[in-house]
Structure formats: C-alpha cells, structure tokens
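**Q**
2 protein chains.
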Amino acid sequence: MTIVDQPTSPYTGEPVGDAIAHTAPEEVDRRAAAAGRAAEPLAALPLPRRAGLLRAVADALEADREALVGLADAETGLGEVRLGGELTRTTVQLAMFADLVEEGSFLDVIIDLPDPEADDRARHERGGGDQRRPEAVPPPRPDLRRMLVPIGPVAVFSAGNFPFAFSVAGGDTASAIAAGCPVVVKAHPGHPGLSARTGEIVAAALAGAGGPDGGFAVVHGLDAGRALVTHPAIAAVGFTGSLAGGRALFDLACSRPDPIPFYAEMGSLNPVVVTPAAVAARGAEVARGFVASYTLGAGQFCTKPGLLFLPAGHGLDEVLAVESASAGLPPMLADRIVSAFRRGSAELAATDGVRTLLPPQSTVETTGYRVSPVLVAVAAARFAERPLIEECFGPAAVIVEYDSTADLEAALETLPGALTATVHAEVDSEPDLARSLINRFKDRAGRVIWNGWPTGVAVTAAQHHGGPWPATSAPLHTSVGSTAVRRFLRPVAYQSLPDPLLPAALRDANPLGLPRRVNGRSGTGPITGPLGR
Amino acid sequence: MTIVDQPTSPYTGEPVGDAIAHTAPEEVDRRAAAAGRAAEPLAALPLPRRAGLLRAVADALEADREALVGLADAETGLGEVRLGGELTRTTVQLAMFADLVEEGSFLDVIIDLPDPEADDRARHERGGGDQRRPEAVPPPRPDLRRMLVPIGPVAVFSAGNFPFAFSVAGGDTASAIAAGCPVVVKAHPGHPGLSARTGEIVAAALAGAGGPDGGFAVVHGLDAGRALVTHPAIAAVGFTGSLAGGRALFDLACSRPDPIPFYAEMGSLNPVVVTPAAVAARGAEVARGFVASYTLGAGQFCTKPGLLFLPAGHGLDEVLAVESASAGLPPMLADRIVSAFRRGSAELAATDGVRTLLPPQSTVETTGYRVSPVLVAVAAARFAERPLIEECFGPAAVIVEYDSTADLEAALETLPGALTATVHAEVDSEPDLARSLINRFKDRAGRVIWNGWPTGVAVTAAQHHGGPWPATSAPLHTSVGSTAVRRFLRPVAYQSLPDPLLPAALRDANPLGLPRRVNGRSGTGPITGPLGR
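If you read the sequences in order, they're chains U and H. FYI, this note's numbering numbers position 524 of the first sequence as 623, with every residue one higher than the one before it. FYI, this note's numbering numbers position 522 of the second sequence as 621, with every residue one higher than the one before it.
In structure tokens form, the structure reads like this:
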C-alpha cells in the first residue's frame, strides 16, 4: 500500500488537490546519494555563479507567484495577502543570500604569513634535521591560510506554518545553497502539493542556472525524513518544527556512527514582562498589542508570545478579553493541530489555581479548522511552584500576575530557553528594573525586545533567531538572517601551499577581491611586500 | 573506600608523589553550582579586566616554571626541554587570548539600524493598529544589534599527552575564560599532581586579578567527569582524548534533558601521500622527515602521521627502518598506554597481507614505559578492501603502497575524517595530481599540509585544529588558535533598545572602540548622522 499525504482545505476541512505519495526508501537513498555526488561540483562553482543559482530560484518563484500563492492558500488557509507577503519575504531572503555570496566575507578568510625569523628553526625542528630534538613548542609559524568550505549535503525539514519562508525554498535551503551545499528537503505534510510544485520550480531554476545534477531534491513522508538524517551522504540537518519532532530527529542524528550537526528551531514560550510603570503609562495599548501578537496567524508562530507577566491589579482583564474575542483569526493549519489546541487549551483552563479570562469554546460551530482564542491568568507565586510551560501551539496565552519584583523574578527563574523575550517598561522611571530584566533575558533568549512584540522576524544581518534549548538544539546558531549560512560551513586551514595550488580565495593576489584578515589586518587587497612571496 | 589517582614515573614505572583522591559527588556538584553562580559576574567584567585574568594566569605559571616543569616530567616523562617549551606555548596561548579579548572583534558585533521609511508601516502592522491586518512579510526592519555573549560554565576534559597546553590551563580553559565563561576542569589521571598544583595556581591568579568566586575549579575522577557533563549548570564541554572516551561523553551530553554543545577532539590517522615525483626528487629526505614526525614524543600526538602512502617500488624500506630503529624516543605516558600499544602494534604486524619493516619488540628489556617503533607496509589494493584504520596511539605507522593513481585514490576513499592530511609532491611536474589530492583532502581533514609534517600545531588566528568525525565531534570548530573562542559564545540580538539600556559594546557612541559592522560597513567609529539617534 502506498502511503500518501492528502492535503485538506483549512477553510472546509475537505480534501483539496491530489494526494502526494511518500517517497520510497530506495528513492530517498538515490536522491541523498545524488546530493552527495553534487557536493563537489556545486562547491566548485565560482561565487558569482553560486549567487546566480539563488537569484534564479527567486526569479522562478516570482514568475509563478499567482499559482503558488493560490496553491498555498488552498492547502494552508493562511490567506492570500499573508501568503503573498511571505513569498516576497522568501524571494528577498534568496536575494540577500545571493548578495552575501557575492560580497564574500562569509568565507571568513584568515591568513597568517610565516614568521620569517622562525624559518630556520622550523626547518630544523620539524623534520629533516636532528630528529632527537623535541618538538618546538610553540612551533614556529608556517604559512597558514584558513577559509570556510561547504560542509556537504544538507537535509532540510520544512515547517508547516510558513509554507514559503521556512519550507522548500525557505531560509534553510537558501542558506545551505549560499554555503555551497546540496539540499534534500523533507516536505511538510500540511502543504504537500505546494511542496512538490515548489520543488519542481526550484530544481528547474537551479538546472537552468548551471547547478549540478542531483543538487536539489524533495522527499515526502516521515520515514523518508528519518532515512535522510541517518544517510551517510547527509552532512548536516536544518529543522523547524515541534520540540517532540526536533528531539526525536536530534537523537537520531547523534546516534549515527558519525554524528552530524543538527540545527533544530523548536518551541518557545516567548515571555513578555510588563512593568507597573508601563501599565500605568499605556496599559490598554500594551494589552491590545499583546492580543494582536498572540492571535496573529491564529497563534501559529514560533515567536507567539505565550506568557504575559503583568503586575497584580493591572485592571486589563476586560480589554484583553474583548480584544481577543474580536480578533479575526485565520483557520488553523490542520485537523490534528486543532485537536491538539482544543486539548491543550482545555487543560490550561482546567488547571488548579488558574483564572479564565476567555474560556475554550465548548462547541464547534464553524466550518474547517477555525478556533477561538483562549486566555487564562495565574498568580506568579503559583506559577513559580508549578510553571505552565508546556507550549500551547495556537491562539492561547497565560497571564502571570506578580505582586512584587521578587515575585516576578522567582517566576522568571523557572522559564526555559526561548527564541525571544520582551520587556515593556518606562526607561525614565525604572532604569534599574529594565536593566535587570534585559540582563536576565539575554541569558535565556536569542532576541531581547524593548517595548515591541516578538512576532515579525526581520531577515537581516543582525538578526538572531535562536536561543538555548529547547528553543533550539544549537544555541550558537540562527535560522533567520545572513549568519544562518554559518551552520553549513566548516573551516579548513592550508599550510605552506604554493600559491598556484591554493583556492582562489586564499591566493596572494586576492583575485576574487574578498575581504580577508591578513596578519591581523582586514582588507581586500593583495599580499605584497616583504611578507608576501 | 576513597578512589585515587596515583601518579607513576614513566622513567621507572614506580609511584611518584602523592595520590590524588577522586572528587566526591557532592563536591563536584558544589563546584559546578559555584561555576554557575560565577557566570554572571565573570561575564560582567569589563573586557580589559577579563584580559587581565588571562595574563595573571600566564604570569603565575611563569613564576612557578621550574617546579611545574619538574613535576610534569616526574609524572609524564616527556622531558624537561619539551615540557619547558610546552609551558611557554601555554603562556603564549593565554597571552594570545588576552590580546583577542582586548581587540574585541571576537564579539562579532553586527548592527542594523532601522529602515526609517518603514517606521510607520512597522507601527501600524506590528501592534496598536489594525490587528486584523496580516503580519507584514518581510517585516519592516527595526533597530537590531547583535553580539556574542558567554554561553555559560564550561567543563574541560584534559588530555594526557600535553600536560600544560591541553590540560588545566590549556587551550580549552584559556578560550573559555576569554569567552567570559567559568571553567571546571576534569583532570587527566596521568598527571594528577601537576593538575592539582596547576589548579591551585590558576585559581589563586584569577582571584588575585579580581575573578569571581567559584569561577574556576578542578575535579578528579571518571565519575566526576560524567557528573560534570550532565550537571544542569554546565553549558558546554571541551574534550581532548580518545575516540572511545569522546564518544561516551558525547552520547551523555546529547542524552541530557537539555543537550549542550560538546566539542571533542578525538583520534586521527593524519594520512600523508607522497607522489612518485617526490620520491624521485627527495625520497630519503621525505622518509627521514616522516620517521621524525611519527616517532616524535613516542608517537603520542593527535597529529602523528599514522599512514604514509608511497608508490610501490619506492626503495625506502631501509632508510625508514634504520631511521625508525635509531629514533630516540621518550617513554610513553602510562602503563596502560604501553599495553595498548603493544597489543595494537602486534595486531597490526600480524594482519594478513602486511609486510613488517620493523617488528614489535617481543621482549621488554628497558625500564619504565619505553617502547620501540613499529612499521608495517601493505598494498593499497589490500588496504582499500579492509582498511587498517584503527588508530594505534604510539610510535607505529602503516606504509600503504600504491601501483597507480587509481589505486591510490581507491585507498584514500576509505579514509575517515582527520585532523590533518599531508601531500608531498612536486608542483612543477605534477600540478594536476597535487591539485586533486589537495581538493580531496580538504573534504576529509581540518588542515591540509604541503611538503611538511602535521606534528607542530601553530597557535595562531589562521590555525584550524579540527575536522570531520571522528577527528572531532564538531566539524565547525577548532580547539587550537584564536577562533577556538567561538565554541563558547552564543549570539543575542537586541531589538529597539534605548541606547542607555544597551550593552556598552552596542551603544551608538561605541565607547569600547570595538570593530563593528553597522549597516554592512565595518569600522570602529560611533554611529552618527541621519541613521543614528
């Protein structure tokens, strides 16, 4: 029996479009092996041609914009306006990585020329001379030239909630290609038709721009995904999804005979703290902003603020409840997500010590995958004892009410790692409290936000979309922004190579005009003078 | 019963100095927790004071040089000349990281100022405005400022073969402190007295220079090491040692409820290929250099070249055997290392299809832990079928004899990841072969060496001492050279913070004078003009 992913419409709950068959094991193996064979020719493409691959993909997606957005809306129900914007984000992201490849500093070239006075010592002590003499420690400095090279084929696990920006042609794929790595995408079952179609477009665009055979492929099915993570040809994995899914695949990657880097962006509670002065100055505005952020996209963002810390007696119950009840939500992505949300939010509301501002809807009157927001409140002291820190995917949030700064701090102490943490405060009246909150959050979150909201992740060089476990499996890395490319690059040092044998990036003349650090000084010039050859 | 590490003299095999007790579980917990408490005050020290910590450690080690070298020689038998040089390397390494901290580019500051034209859109779309409007994708760019911050307390597992440079005050400790991280060292049982004494010196030097209480400690014993890897306060691990030990601790780190980065530098075969033209031009010189390198320090270097690929009919048997037999070796480090070497080298010599150039010594006549080199040869075709790729720690090496380039390449195809790979060739007569070998090796090794030897790892910015599994558990990172600091730093992005609340490194005025990248341009100046505040 062939197993399939059957897309359904979130608007109706009914099947839409053709079912997509799961990829057979031998076909997964064939595609991963082909990616392995594509690694060297892809890495060898000159940087402008590598940038050209990314631009070709962006152009091809733009050329099919209308059909893609329509297909995405049919399968995800996220709405054509949002999806059109997300497609723009996706093509802008591809262009950003193309710019990065052309600029070249991502290769992180560091050159240390030999210490000329140590040359004789070096020859004497490292072979050819008196072999009984112990190793020179510290050894004299030879000519050493280091750069980053592609790590090899990357498996990319798509997310369900961003069918363009974190899917087949999303940030993981774009950054892997920018690094010079072949990609095999494991499609998300929530938008299988869109994944297959996007995969065709990407593969054709890459081929048209001179990309190597087998350098890009899409596979479908959970078993196909697991097979990728353990395939000998796969050198790294990028994943966006749930903590449970991320953990299972992380464990699989670590259990390989040769473990490989596994970059998962998983769950996050994204706490928001509002100080007493901020409530006094603009409580209703903060409450409205919070509701807009936690209900955005039906709460299906990894940056959804799930915890709002308010001073007790905040007086914002009504505005929070009314604004939430009137927020216009798109449907959720899938039947099983609706079920999980109904179960999770009902448990939340039934928790001992919890006050319900907006209860779960007991009856389901709407068609498709529509749900209503759920909002509960709990005292900080109670929260500190038994934290409500299970992330509830969807439009649900917990208000944590604190009596004092000590009370607040004890509750914050229980929080796990997060992608973001937000402070709403008044800098003039509470500078010490603000500073203390920011300092605390920098140790627990990847991005610290001031008087704003975590939803909306700008794609730029200074972005960091990451954080300590369980926000991610790799706290040194980001899955959004230009430094995401670093996940798929590893250093190599070349020692004492003749100039013609060096990669172009490392030659004395700097024929690629790259930014390089030579003997501690940064520049784009050639190596000349007494230290050059 | 108290379990102890009893040091013995490699010169005599007899106990030397006092036994050092293994650290009790509650004491390990206490020291790890203290390191956790020290994380914030250590991270908060101004960079010049952090650099001062490293210089204070270097000065304190120099002040006790004679006693330390004597103690090291008594426990390791590596000889006072080598150990004196290694201590110099260690203090030079500490000074290098102090310079790095003062220079500041290691913080990798990236600042993207807001897109002023997007300001109104941003306010409108991300809260406070029409909440039904979908998220702006790509969202307008807010003020984003990213820098690296310390990851938290680091557990360091010392190596036995470098009692200074990869031990208590070695590269892992120096790079962790440079990153701003507290350190708890698990001492190597081979030099427990030296480890304890070095630990006292380091702790006193740090305290004297204003380091926080509990920011540095040493523990002894295997159980203590395992407890560190799973301790909630420990945020990352640096390890230098065997593949078996590294794998066991890697699995432990991955099995935590909150897995942490585990940086292991493990085993490596460090292949060397010599081309026919190189043999013709300077065969005897290459053979002598190889022997000097593989027997250096009794073959107890992670960069020991364990495989030498020579063209069949090379005619170098005699020079290889004679030079090896006359190489003056120090004793090995420990009884169990001698046993493992005797067992491993005997297996090597007894392997089907192997020709023995220098057989294992069947009788043991010398005192202490002295051994003799072992050298065997095997045909490349036989090697390609059943590779001899178990690393044999000690003065043993395998010559692999190839009949053709295809024969050579088939044998190379079987090699696992390595720290280094070396090519001896003649660039004028064999440019294509040389280029092909270098290109192949860059995918399998961290450092590619031309007409030299892998032993001798310069401590410098362009160094890369790493490589794909099993050379290391983290192919993106190095354990030697200034970029080793990156293992212990994680990014944080600050969004829209008022200038006075930003860390000094990110403020408009750039009060620390750091190298920063602002809107894509690198420089050390302040942010001024229309894009500033």
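We put the beta carbon where it would ideally sit given N, CA and C, even for glycine.
Going by beta carbon distance, what residues of the same chain come within less than 6 Å of alanine 304(H), once the five residues before and after it are set aside?
**A** To locate residue 304(H), count along the second sequence from 1; it is residue 205. Answer for alanine 304(H): Ala155, Val156, Ala159, listed in chain order.
**Q** Could you spell out the range, first to last residue, of the beta strand (DSSP E) harbouring lysine 285(H)?
**A** The residue you call residue 285(H) lines up with position 186 of the second sequence. 282 to 285 is the extent of the beta strand (DSSP E) around lysine 285(H).
**Q** Are the C-beta of arginine 244(U) and some C-beta of chain H separated by less than 8 Å?
**A** Working through the first sequence from its first residue, we reach residue 244(U) at position 145. Cβ-Cβ to chain H under 8 Å: yes for arginine 244(U).
**Q** In whole angstroms, what is the alpha-carbon distance linking leucine 613(H) and aspartate 198(U)?
**A** Residue 613(H) sits at position 514 when you count from the first residue of the second sequence. Residue 198(U) sits at position 99 when you count from the first residue of the first sequence. Their Cα atoms are separated by approximately 25 Å.
**Q** For the structure I just gave you, are there three or more beta carbon pairs, one from the region 308 to 328 of chain H and one from the region 118 to 136 of chain H, closer than 8 Å?
**A** With a cut-off of 8 Å, the region 118 to 136 of chain H and the region 308 to 328 of chain H count as touching, because enough Cβ pairs lie within range.
**Q** Considering only their Cβ atoms, is the gap separating glycine 619(U) from asparagine 609(U) smaller than 8 Å?
**A** Along the first sequence, read from residue 1 onward, the residue named residue 609(U) stands at position 510. Along the first sequence, read from residue 1 onward, the residue named residue 619(U) stands at position 520. No. Outside cutoff.
**Q** Determine the direct distance from the alpha carbon of threonine 559(U) to that of proline 590(H), and round the result to whole angstroms.
**A** Residue numbering aside, residue 590(H) sits at position 491 when the second sequence is read from its first letter. Residue numbering aside, residue 559(U) sits at position 460 when the first sequence is read from its first letter. Going by the C-alpha atoms only, they are around 14 Å apart.
**Q** Under 6 Å Cβ to Cβ from tryptophan 568(U), same chain only, skipping five residues before and after it: list those, please.
**A** Looking up residue 568(U) in the first sequence gives position 469. Excluding residues within five positions, the ones whose Cβ falls inside 6 Å are Gly516.
**Q** Whether or not the region 131 to 141 of chain U and the region 274 to 289 of chain U are in contact is what I'm after, with contact meaning three or more pairs of Cβ atoms, one per stretch, closer than 8 Å; do they touch?
**A** With the cut-off at 8 Å, the region 274 to 289 of chain U and the region 131 to 141 of chain U touch.
**Q** Candidates Asp271(U), Pro358(U), Leu206(U), Thr101(U): which alpha carbon is nearest proline 602(U)'s?
**A** Within the first sequence, residue 602(U) is the residue found at index 503, counting from 1. When only C-alpha atoms are compared, the closest one is Leu206(U).
**Q** Between the region 262 to 293 of chain H and chain U, which residues of the former have CB atoms less than 8 Å from a CB of the latter, in chain order?
**A** Ala264
**Q** From this set, Thr450(U), Arg442(U), Thr504(U), which residue's C-alpha is nearest leucine 532(U)'s C-alpha?
**A** In the first sequence, counting from the first residue as 1, residue 532(U) sits at position 433. Nearest of Thr450(U), Arg442(U), Thr504(U) to leucine 532(U), Cα basis: Thr504(U).
**Q** For glycine 631(U), which residues in the same chain have their Cβ closer than 6 Å to its Cβ, ignoring the five residues on either side in sequence?
**A** As a first step, residue 631(U) is located in the first sequence; it is residue number 532 there, counting from the start. In this prediction, glycine 631(U) has a pLDDT of 47, which is less than 50 and means its spatial position is unreliable; nothing more can be read from the coordinates.
**Q** Hey, is threonine 577(U)'s beta-carbon within less than 8 Å of any beta-carbon in chain H?
**A** Position 478 of the first sequence, counting from 1, holds the residue named residue 577(U). It does; some Cβ of chain H falls within 8 Å.
**Q** Alpha carbon to alpha carbon, how far is aspartate 104(H) from valine 547(U)?
**A** Here residue 104(H) refers to the residue found at position 5 when the second sequence is read from its first residue. Here residue 547(U) refers to the residue found at position 448 when the first sequence is read from its first residue. Each residue's Cα considered, the two are about 47 Å apart.
**Q** Going by CA-CA distance only, name the one from Asp502(H), Ala476(H), Arg481(H) that's closest to alanine 495(H).
**A** Numbered from its first residue, the second sequence carries residue 495(H) at position 396. The option with the nearest alpha carbon to alanine 495(H) is Ala476(H).
**Q** Leaving out five residues before and five after glycine 135(U) in sequence, what residues of the same chain have Cβ atoms less than 7 Å from its Cβ?
**A** The sequence position of residue 135(U) within the first sequence is 36, counting from 1. The residues are Pro252, Ala332.
**Q** Can you give me the C-alpha to C-alpha distance between threonine 187(U) and arginine 469(U), rounded to a whole angstrom?
**A** Start at 1 with the first residue of the first sequence, and residue 187(U) comes out as number 88. Start at 1 with the first residue of the first sequence, and residue 469(U) comes out as number 370. Cα to Cα, the separation comes out at about 26 Å.
**Q** For alanine 544(U), I'd like the list of residues in its chain whose CB is within less than 6 Å of its CB, leaving aside the five on either flank, ordered along the chain.
**A** The sequence position of residue 544(U) within the first sequence is 445, counting from 1. Answer for alanine 544(U): Ala517, Thr519, Ala520, Gly566, listed in chain order.
**Q** Taking any Cβ of chain U, which residues in the region 554 to 565 of chain H have a Cβ under 9 Å from it, in chain order?
**A** Thr554, Gly555, Val556, Ala557, Val558, Thr559, Ala560, Ala561, Gln562, His563, His564, Gly565
**Q** Curious, which full-length beta strand (DSSP E) runs of at least 3 residues does the region 382 to 427 of chain U contain?
**A** 406 to 410
**Q** What's the gap between the Cα of threonine 582(U) and the Cα of valine 200(U)?
**A** Position 483 of the first sequence, counted from the start, is the residue given in the question as residue 582(U). Position 101 of the first sequence, counted from the start, is the residue given in the question as residue 200(U). Computed Cα separation, rounded: 12 Å.
**Q** For a test of the three-state rule: what should DSSP assign to phenylalanine 263(H), helix, strand or coil?
**A** Your numbering for residue 263(H) matches position 164 in the second sequence. Coil, per DSSP.
**Q** Kindly give me the distance between the Cβ atoms of serine 444(U) and threonine 402(U), rounded to whole angstroms, as I take these residues to be in contact under 8 Å.
**A** Position 345 of the first sequence holds residue 444(U). Position 303 of the first sequence holds residue 402(U). Wrong, their Cβ atoms sit about 19 Å apart, outside the cutoff.
**Q** Taking 8 Å as the threshold (beta carbon to beta carbon), is threonine 111(H) in contact with chain U?
**A** On the second sequence, residue 111(H) is found 12 positions in, with the first residue counted as 1. Not closer than 8 Å to any Cβ of chain U, the Cβ of threonine 111(H) fails to qualify, so no.
**Q** Return the chain-ordered ranges of every alpha helix (DSSP H) run that is complete within the region 529 to 567 of chain H and spans a minimum of 4 residues.
**A** 530 to 541
**Q** Flag this pair as yes or no: are the beta carbons of phenylalanine 400(H) and tyrosine 362(H) separated by less than 8 Å?
**A** On the second sequence, position 301 is the one that residue 400(H) refers to. On the second sequence, position 263 is the one that residue 362(H) refers to. Against a cut-off of 8 Å, the Cβ pair of tyrosine 362(H) and phenylalanine 400(H) comes out as no contact.
**Q** Quick one: does asparagine 369(U) have its CB under 8 Å from some CB of chain H?
**A** Translated into the one-based positions of the first sequence, residue 369(U) becomes position 270. So no, asparagine 369(U) is outside the interface.
**Q** At the level of alpha carbons, what is the spacing between alanine 480(H) and alanine 411(H)?
**A** Numbered from 1 along the second sequence, position 381 holds the residue referred to as residue 480(H). Numbered from 1 along the second sequence, position 312 holds the residue referred to as residue 411(H). Whole-angstrom Cα-Cα distance: 11 Å.
**Q** Report yes if the C-beta of arginine 346(U) is less than 7 Å from at least one heavy atom of the ligand NAD; otherwise report no.
**A** The model on display carries no ligand, and the ligand NAD is accordingly not part of it.
**Q** Give me the Cα-Cα distance between threonine 465(H) and proline 459(H), rounded to the nearest whole angstrom.
**A** By one-based count along the second sequence, residue 465(H) stands at place 366. By one-based count along the second sequence, residue 459(H) stands at place 360. When rounded, the distance between both Cα atoms is 14 Å.
**Q** Please classify leucine 588(U): does DSSP put it in a helix, a strand, or coil?
**A** One-based indexing of the first sequence puts residue 588(U) at position 489. DSSP places leucine 588(U) in strand when its eight states are reduced to three.
**Q** With DSSP as the reference, please indicate the residues paired to phenylalanine 361(H) in a beta bridge.
**A** Locating residue 361(H) in the second sequence gives position 262, where the first residue counts as 1. Under DSSP, phenylalanine 361(H) takes part in a beta bridge, and its partners are Val336(H).
**Q** Quick check: the Cα distance between glutamate 364(U) and cysteine 353(U), rounded to an integer number of angstroms?
**A** Here residue 364(U) refers to the residue found at position 265 when the first sequence is read from its first residue. Here residue 353(U) refers to the residue found at position 254 when the first sequence is read from its first residue. Roughly 16 Å between the two C-alpha positions.
**Q** Valine 378(H) versus chain U: which residues are under 9 Å apart at the beta carbon?
**A** Position 279 of the second sequence, counting from 1, holds the residue named residue 378(H). For the C-beta of valine 378(H), not a single chain U residue is nearer than 9 Å; the gap to the nearest is close to 16 Å.
**Q** Mind pulling the chain U residues with CB within less than 8 Å of leucine 600(H)?
**A** Counted from its first residue, the second sequence places residue 600(H) at position 501. Within 8 Å Cβ-Cβ: Val526, Pro530, Ala533, Arg534, Ile537, Trp549.
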